[in-house]
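Inspection log for the structure reproduced underneath, given as structure tokens.
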Amino acid sequence: MRWIRGCRIVLKSGPVLLFLPLFFLVVTPSRADDADASSRQSRGEALFQNQCAICHGVKGDGEGKFAYLMNPRPRNFLNGKFGPE
């Protein structure tokens, strides 16, 4: 038997035990399941409505309640341009 960092690992299965967690990290799909994705979407919608809609508008068109007070105007997210104008 061989000792590695205080753990007893049998020499024949040592490499398997060491690389098994890495195998699952690579092989396991990293995309979230549908329930998790819908949960994140609903949390994002709520966050936008609470924090952003007052300036960017409910639809994200840049026509929020206080948009007329701002210079530069809030970005219109519907046109797909997110960089400097």
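Per our numbering, residue 1028 is the first one in the sequence shown, and the count goes up by one each step.
Idealized CB from N, CA, C, for every residue including glycine.
Fair warning: this is a prediction, and the values are worked out from it, not measured in the lab.
Beta-carbon spacing of His1083, Pro1101 below 8 angstroms: Position 56 of the sequence shown, counting from 1, holds the residue named residue 1083. Position 74 of the sequence shown, counting from 1, holds the residue named residue 1101. Cβ distance < 8 angstroms, so His1083 and Pro1101 count as in contact.
Proximity test, Ala1062 beta-carbon vs the ligand SAM heavy atom, cut-off 7 angstroms: Of ligands this structure carries none, so the ligand SAM is not represented either.
C-alpha distance - Ala1080 paired with Tyr1095, whole-angstrom precision: Translated into positions along the sequence shown, residue 1080 becomes position 53. Translated into positions along the sequence shown, residue 1095 becomes position 68. Ala1080 and Tyr1095 have their alpha carbons spaced roughly 13 angstroms apart.
Cut-off 7 angstroms between Cβ atoms - residues of its own chain near Gly1089, not counting five sequence neighbours on either side: Residue mapping note: residue 1089 aligns to position 62 of the sequence shown, counting from 1. Here the set comprises His1083, Arg1100, Pro1101, Arg1102, Asn1103.
Spatially closest choice to Gly1107 from Gly1071, Gly1087, Arg1067, by CA coordinates: The residue labelled residue 1107 in the question sits at position 80 within the sequence shown. Nearest option by C-alpha distance: Gly1087.
Rounded separation between Ala1062 and Gln1076 - CA only: Taking the first residue of the sequence shown as 1, we reach residue 1062 at position 35. Taking the first residue of the sequence shown as 1, we reach residue 1076 at position 49. Take the alpha-carbon of Ala1062 and the one of Gln1076: they are about 21 angstroms apart.
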